[in-house]
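Student: Chains A and B supply the protein sequences, listed in that same order.
Note that the first sequence covers residues 7 to 119 in the working numbering.
Note that the second sequence covers residues 36 to 152 in the working numbering.
We put the beta carbon where it would ideally sit given N, CA and C, even for glycine.
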Amino acid sequence: AQSVSQHNHHVILSEAASLELGCNYSYGGTVNLFWYVQYPGQHLQLLLKYFSGDPLVKGIKGFEAEFIKSKFSFNLRKPSVQWSDTAEYFCAVRNRRDDKIIFGKGTRLHILP
Amino acid sequence: NAGVTQTPKFQVLKTGQSMTLQCAQDMNHEYMSWYRQDPGMGLRLIHYSVGAGITDQGEVPNGYNVSRSTTEDFPLRLLSAAPSQTSVYFCASSEQATSGRAGDTQYFGPGTRLTVL
Chain A
7 AQSVSQHNHH
17 VILSEAASLE
27 LGCNYSYGGT
37 VNLFWYVQYP
47 GQHLQLLLKY
57 FSGDPLVKGI
67 KGFEAEFIKS
77 KFSFNLRKPS
87 VQWSDTAEYF
97 CAVRNRRDDK
107 IIFGKGTRLH
117 ILP
Chain B
36 NAGVTQTPKF
46 QVLKTGQSMT
56 LQCAQDMNHE
66 YMSWYRQDPG
76 MGLRLIHYSV
86 GAGITDQGEV
96 PNGYNVSRST
106 TEDFPLRLLS
116 AAPSQTSVYF
126 CASSEQATSG
136 RAGDTQYFGP
146 GTRLTVL
């Protein structure tokens with residue numbers, strides 16, 4: 007069965023710091039990979055996704071993620087965070103066999119102004 | 036387009052009661068799914084559907100039933116509510132049922148906050 011692991015449960019950074027949130031998945035077949043964000047009081051929105059091709063994908067608000075197939079990883083990065091990036095971030099994996107989409111437990115990011 | 040709508044927004048049930056959480060989308064999406072969100076647990080997939088008439092179990096299906104008689108609607112039924120089902124429930128939809136195609140971004144509804152006493 008597929009699973010998704012997000013290593014950091016709670017991250018606190020100062021504004022302008024660089025961000026990297028880890029995501030690893032376990033599934034032997036072909037996958038699509040996603041990062042979603044949930045701002046306080048709101049529902050989930052897509053940040054970016056890996057579908058195929060270039061393993062470095064760019065999303066909204068300056069976020070990017072790199073798919074490293076050999077490491078089963080899809081880490082999220084941003085070079086300089088802002089206070090408005092305070093939110094919960096979820097990694098998700100969709101396998102191409104039964105189309106099940108599984109989420110990680112989330113990382114709560116708190117940016118200090 | 037209204038997108039993904041969920042009703043009710045809030046609900047309180049007593050143990051043993053049954054109810055249906057409604058989910059509808061007006062984007063003609065093939066794929067729909069139900070998740071529950073609990074603190075520290077992320078989103079866990081309850082059931083999903085790749086098209087009308089087709090449903091399948093997710094990670095935590097016990098205690099829940101679904102049906103997909105139309106493309107637009109995907110109701111979630113709690114058969115006999117238990118306190119362990121206290122949670123926030125999210126419905127989501129995406130354009131393509133078959134993964135590997137570009138239209139598989141999930142659009143989430145606003146959620147239903149359910150409390151079971």
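1. Can you find a C-beta in chain B that's less than 8 angstroms from the C-beta of L52(A)?
2. Whole angstroms are fine: how far does the CA of L118(A) sit from the CA of T90(B)?
3. Within this structure, are the beta carbons of F78(A) and A71(A) separated by less than 8 angstroms?
4. Would a C-beta distance cut-off of 8 angstroms place V95(B) and Y66(B) closer than the cut-off?
5. Buried or exposed: which applies to A137(B), given that a residue is buried once 16 or more other Cβ atoms fall within 10 Å of its Cβ?
6. Using a Cβ-Cβ distance cut-off of 8 angstroms, determine whether D60(A) contacts chain B.
7. Helix, strand or coil for K67(A)? Go by DSSP, reduced to three states.
8. State buried or exposed for S58(A), treating a residue as buried only when at least 16 other CB atoms are found within 10 Å of its CB.
9. Rank I81(B), Q46(B), F45(B) and D73(B) by C-alpha distance to the C-alpha of A127(B) and give the top, closest one.
Tutor: Let me spell this out:
1. Translated into the one-based positions of the first sequence, residue 52(A) becomes position 46. Any Cβ of chain B closer than 8 angstroms to the Cβ of L52(A) would place that residue at the interface, and such an atom is present.
2. Looking up residue 90(B) in the second sequence gives position 55. Looking up residue 118(A) in the first sequence gives position 112. Approximately 44 angstroms between the Cα atoms of the pair.
3. Locating residue 78(A) in the first sequence gives position 72, counting from the first residue. Locating residue 71(A) in the first sequence gives position 65, counting from the first residue. Going by C-beta atoms, F78(A) is not nearer than 8 angstroms to A71(A).
4. As a position in the second sequence, residue 95(B) is number 60, starting the count at 1. As a position in the second sequence, residue 66(B) is number 31, starting the count at 1. Going by C-beta atoms, V95(B) is not nearer than 8 angstroms to Y66(B).
5. For this step, residue 137(B) is matched to residue 102 along the second sequence. In this prediction, A137(B) has a pLDDT of 48, which is less than 50 and means its spatial position is unreliable; nothing more can be read from the coordinates.
6. Taking the first sequence and counting its residues from 1, one reaches residue 60(A) at position 54. Under the 8 angstroms criterion on CB atoms, D60(A) is classed as non-interfacial with respect to chain B.
7. Position 61 of the first sequence, counting from 1, holds the residue named residue 67(A). In this structure, K67(A) counts as helix in the three-state DSSP scheme.
8. As a first step, residue 58(A) must be located in the first sequence, where it is residue number 52. Counting Cβ neighbours within 10 Å, S58(A) comes out exposed, since fewer than 16 surround it.
9. Walking along the second sequence from the start, residue 127(B) turns up at place 92. Nearest C-alpha to A127(B): I81(B).
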